[in-house]
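Since the structure comes first, as structure tokens, the remarks are kept for the end.
2 protein chains.
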Amino acid sequence: MVTIKDVAKRANVAVSTASYALNGVKKVSEETRRKVLQAAEELNYRKNGFAADLKKSKTQTIALILSDLSGPFYSELIRGVQDIAVDHGYDLIACNSLGGQNSTAAKFLTERRVDGCIILAHNITNEMIEKSASPAFPIVLLDRQLERAHTVPIIVDNKNGGYKATTFLIQKGHNNIAFIGGPADSHDGQMRFEGYLEALQEHHIDFQSRWKVTGNFTREGGELAAKIIAAQDERPTAIFVANDEMALGAMEYFQKVGIRVPEDISIIGFDNILESKYTAPKLTTVQHPKYEMGALASHVIFQLLDGEETEKSFTLHTELIMRETVIDIMTKLRG
Amino acid sequence: MVTIKDVAKRANVAVSTASYALNGVKKVSEETRRKVLQAAEELNYRKNGFAADLKKSKTQTIALILSDLSGPFYSELIRGVQDIAVDHGYDLIACNSLGGQNSTAAKFLTERRVDGCIILAHNITNEMIEKSASPAFPIVLLDRQLERAHTVPIIVDNKNGGYKATTFLIQKGHNNIAFIGGPADSHDGQMRFEGYLEALQEHHIDFQSRWKVTGNFTREGGELAAKIIAAQDERPTAIFVANDEMALGAMEYFQKVGIRVPEDISIIGFDNILESKYTAPKLTTVQHPKYEMGALASHVIFQLLDGEETEKSFTLHTELIMRETVIDIMTKLRG
DNA sequence: TGTGCTATTTGAAACGTTTCGAATAAAAGC
DNA sequence: GCTTTTATTCGAAACGTTTCAAATAGCACA
Numbered sequence: 001m002v003t004i005k006d007v008a009k010r011a012n013v014a015v016s017t018a019s020y021a022l023n024g025v026k027k028v029s030e031e032t033r034r035k036v037l038q039a040a041e042e043l044n045y046r047k048n049g050f051a052a053d054l055k056k057s058k059t060q061t062i063a064l065i066l067s068d069l070s071g072p073f074y075s076e077l078i079r080g081v082q083d084i085a086v087d088h089g090y091d092l093i094a095c096n097s098l099g100g101q102n103s104t105a106a107k108f109l110t111e112r113r114v115d116g117c118i119i120l121a122h123n124i125t126n127e128m129i130e131k132s133a134s135p136a137f138p139i140v141l142l143d144r145q146l147e148r149a150h151t152v153p154i155i156v157d158n159k160n161g162g163y164k165a166t167t168f169l170i171q172k173g174h175n176n177i178a179f180i181g182g183p184a185d186s187h188d189g190q191m192r193f194e195g196y197l198e199a200l201q202e203h204h205i206d207f208q209s210r211w212k213v214t215g216n217f218t219r220e221g222g223e224l225a226a227k228i229i230a231a232q233d234e235r236p237t238a239i240f241v242a243n244d245e246m247a248l249g250a251m252e253y254f255q256k257v258g259i260r261v262p263e264d265i266s267i268i269g270f271d272n273i274l275e276s277k278y279t280a281p282k283l284t285t286v287q288h289p290k291y292e293m294g295a296l297a298s299h300v301i302f303q304l305l306d307g308e309e310t311e312k313s314f315t316l317h318t319e320l321i322m323r324e325t326v327i328d329i330m331t332k333l334r335g
Numbered sequence: 001m002v003t004i005k006d007v008a009k010r011a012n013v014a015v016s017t018a019s020y021a022l023n024g025v026k027k028v029s030e031e032t033r034r035k036v037l038q039a040a041e042e043l044n045y046r047k048n049g050f051a052a053d054l055k056k057s058k059t060q061t062i063a064l065i066l067s068d069l070s071g072p073f074y075s076e077l078i079r080g081v082q083d084i085a086v087d088h089g090y091d092l093i094a095c096n097s098l099g100g101q102n103s104t105a106a107k108f109l110t111e112r113r114v115d116g117c118i119i120l121a122h123n124i125t126n127e128m129i130e131k132s133a134s135p136a137f138p139i140v141l142l143d144r145q146l147e148r149a150h151t152v153p154i155i156v157d158n159k160n161g162g163y164k165a166t167t168f169l170i171q172k173g174h175n176n177i178a179f180i181g182g183p184a185d186s187h188d189g190q191m192r193f194e195g196y197l198e199a200l201q202e203h204h205i206d207f208q209s210r211w212k213v214t215g216n217f218t219r220e221g222g223e224l225a226a227k228i229i230a231a232q233d234e235r236p237t238a239i240f241v242a243n244d245e246m247a248l249g250a251m252e253y254f255q256k257v258g259i260r261v262p263e264d265i266s267i268i269g270f271d272n273i274l275e276s277k278y279t280a281p282k283l284t285t286v287q288h289p290k291y292e293m294g295a296l297a298s299h300v301i302f303q304l305l306d307g308e309e310t311e312k313s314f315t316l317h318t319e320l321i322m323r324e325t326v327i328d329i330m331t332k333l334r335g
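Protein chains in written order, with full-length UniProt numbering: chain Y, 1 to 335; chain E, 1 to 335.
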């Protein structure tokens, strides 16, 4: 393997000079610069980034840790992070936390391979996060409520989102409203449920536990949940589904078995993933500020890295996206 | 910043001993091991991964370089790569090549920050790839035909895929078949087009250039292309669209303006993205072996890393997925 | 010719690990 | 009790850079 020493030797200069030349430091004469560059070229020299980072103790890179690199939800988030990172001249790498404590993610968290990181992954423990954070290694947490030194959470107001969605349904005259939730350990899902509950309560509608069914945030989960709901004798007139993917699955199922959306049953989702505006009918949902979340996260990281003060935590808000899967119950009765 | 030296000092051992203890090397006594571990714990010691990698000159990580970290197409590919990588005890990081020569990707390519990499990004130049590849740094290229030492391409037989799609259309009685292609610099798109051409030729159907329109592989591009096609006086009875995303966009457009799919116009896509089976009607398409591609790429990297011989290049095949957007023209005429 | 500059080049010391070979301590063999 | 073995521990040399402080060269000026 060819190192900077080889380059220096071939160019007949000291390695320090070679280093300066290679990095375009001004103090080296034009001529030696050329010599060094040429030598590097001839030897096909490639610098060892680690060695450099080690010496500089700065990586100019931040990591984005996701529990799953794939999935439609993340695209926009990643774009948000990325845009801001490049603005700051930083590199972004994404890695996943599949495998928990032994995952790639863990390695980045505990081995100082990046200058900071943004985490959206629930299989990384709080403990691990607390241990890793330090002034030189700020962590931004998405969708996780954990305020610590050098750790700032950004959450979206899921409860209010759930409240909005449910209230909307109620305003449209529905009072038999089912809820399809996420896995029990999902904080988001839980909050969305609470919003649902609150709206119900506010309008003096009793919560019926048989109408709360949980899925796993996937399309298939939504199908299954829909099936369970459809199987009951009394059917709700509307469903608030805790994420769009499940909502799409549910719609798919209803259509398959001849239950019309929204004529027979109204559906409102959550997240506003790209796909939801392309379905027929188009999904009514709650906007999750994904891009903004990513961008904000990035911003905060750089503020922390610069030693600036930031808010202790951030809350982003949601917005109702009215499309075609919720119908006014009056219209329905007349229809 | 606390280093292994601090740990060693606090535990009253030599740094070498501390290192052994921390890495679980057997030759250190149980007692000192405990002492060291405790000291590390107390100081909240976190090792510097770079320093370690530097010394070991091995990173145990491979990179996956994509031109865009987002996008539905990549999910499955990533899963494929990931699955195999973890099997080999390697870490995977994804980074993107947005920004070409100055991108994060470039840094990984030229600075030995990983042991090997898989590239699916057309804004990385061939030259750069050739320069970077070496026995110690194998590169697997997806959808790019570039055979060099330590560089193996994996391509899918796009031409044959295009041929199959088009032939299928012809067999269903269509002979006015339009083509919606990708951007000019897309090798895949070009190959798919050639397959289309070949099928046409084989059945003595003249190619009509006004029926070739190009999009940018996005949904919006598909919509636009569909619009252009619909605007012509004579309309084709079928379209072969070079990727599913555009096909969905096209369908969307046709449905919007009251052109029925498949009754008025048949559509066949390419890729078989997840979404395509959830549309109404379900999209007929050509299966692109995304997962397999990722998994194979991973496999090849590890073979190369082990110094084993591999094929010079790999070709993966496609498969027709018949669903609902192609109709037999006879049915149509009768209907 | 010597003095003082500036511009360039250099050697050596880091950066934080791992790992080799040697040193030491403890145990065992006789 | 002395030698041999084995189990631990240790010191020092890497790994490939960057960067500081010092050295040298080149030049102008007196």
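For each residue, glycine too, the CB sits at the ideal point set by N, CA and C.
Task: Run of the beta strand (DSSP E) containing residue 241 of chain Y, from where it starts to where it stops - done: 238 to 241
Open item on the list: My output table needs one value for residue 216 of chain Y: the three-state DSSP class, helix, strand or coil.
Closed with: If DSSP states are grouped into helix, strand and coil, residue 216 of chain Y belongs with coil.
Task: Below-9 Å beta-carbon distance, residue 158 of chain E vs any chain Y residue - done: In terms of beta-carbon proximity, residue 158 of chain E stays away from the interface with chain Y, with every pair separated by 9 Å or more.
Task: Closest Cα partner of residue 297 of chain E within the set E:241, E:236, E:156 and E:258 - done: E:156
- [ ] Could you please tell me which residues of the stretch 114 to 125 of chain Y, in chain order, have their CB closer than 8 Å to any CB of chain E?
- [x] For the stretch 114 to 125 of chain Y, the set of positions with a beta-carbon nearer than 8 Å to some beta-carbon of chain E is empty.
- [ ] Tell me residue 96 of chain Y's beta-bridge partners as DSSP assigns them.
- [x] Y:66
TODO: Report the rounded CA-to-CA distance for residue 250 of chain E versus residue 213 of chain E, giving the unit in angstroms.
DONE: 12 Å
TODO: Identify, in the order they occur along the chain, each residue of the same chain with its Cβ nearer than 6 Å to the Cβ of residue 188 of chain Y, setting aside the five sequence neighbours on each side.
DONE: 143 and 158
Task: Buried or exposed by the 16-neighbour rule on C-beta atoms within 10 Å, applied to residue 317 of chain Y - done: exposed
- [ ] Give a yes or no on whether the C-beta atoms belonging to residue 105 of chain E and residue 119 of chain E are separated by under 9 Å.
- [x] A contact, by the Cβ cut-off of 9 Å.
Open item on the list: Taking its Cβ as the centre, do 16 or more other Cβ atoms sit within 10 Å of residue 207 of chain E, making it buried, or is it exposed?
Closed with: In the assembly as shown, residue 207 of chain E is an exposed residue. Its beta-carbon has fewer than 16 other beta-carbons within 10 Å.
- [ ] From the DSSP output, in three-state form, read off residue 137 of chain Y for me.
- [x] DSSP, read as helix, strand or coil, puts residue 137 of chain Y in strand.
Open item on the list: DSSP three-state label for residue 146 of chain E, please.
Closed with: coil
Open item on the list: Going by C-alpha to C-alpha distance, which of E:183, E:148, E:205 and E:195 sits closest to residue 176 of chain E?
Closed with: E:205
Task: Distance, residue 87 of chain Y Cα to residue 103 of chain E Cα - done: Spanning the two alpha carbons is a distance of roughly 12 Å.
TODO: State yes or no: is the beta carbon of residue 99 of chain Y nearer than 9 Å to at least one beta carbon in chain E?
DONE: yes
Task: Beta-carbon separation (whole angstroms), residue 265 of chain Y vs residue 259 of chain Y, contact threshold 8 Å - done: 6 Å
TODO: Using a Cβ cut-off of 7 Å, pull out every chain Y residue sitting near residue 50 of chain E, in sequence order please.
DONE: 50, 53, 54 and 113
Open item on the list: Taking the beta carbon of residue 135 of chain E as the centre, do at least 16 other beta carbons fall within 10 Å, making it buried, or is it exposed?
Closed with: That one is exposed.
Open item on the list: In the DSSP assignment, the beta strand (DSSP E) including residue 287 of chain E goes from what residue to what residue?
Closed with: First-last of the beta strand (DSSP E) with residue 287 of chain E: 285 to 287.
- [ ] Answer with yes or no whether the minimum CB distance from residue 93 of chain Y to chain E is below 9 Å.
- [x] yes
- [ ] List the residues that DSSP assigns as beta-bridge partners of residue 266 of chain Y.
- [x] Y:238
- [ ] Please state if the CB of residue 285 of chain E and the CB of residue 300 of chain E are separated by a distance shorter than 9 Å.
- [x] no
Open item on the list: By the DSSP assignment, the beta strand (DSSP E) with residue 182 of chain E in it spans what residues?
Closed with: Counting along the chain, residue 182 of chain E falls outside any beta strand (DSSP E), and DSSP gives it neither H nor E.
Open item on the list: Considering only their Cβ atoms, is the gap separating residue 133 of chain E from residue 148 of chain E smaller than 9 Å?
Closed with: Between residue 148 of chain E and residue 133 of chain E, the gap from beta carbon to beta carbon is short of 9 Å.
TODO: Can you grab the Cα-Cα spacing for the pair residue 291 of chain Y / residue 140 of chain Y, in whole Å?
DONE: 15 Å
TODO: Answer with yes or no whether the minimum CB distance from residue 186 of chain Y to chain E is below 9 Å.
DONE: Judged by the 9 Å Cβ criterion, residue 186 of chain Y is not in contact with chain E.
TODO: Per DSSP, which residues does residue 320 of chain E bridge with? Please list them.
DONE: E:286
Open item on the list: For the pair the stretch 40 to 50 of chain Y and the stretch 42 to 55 of chain E, tell me if three or more CB-CB distances fall below 8 Å.
Closed with: yes
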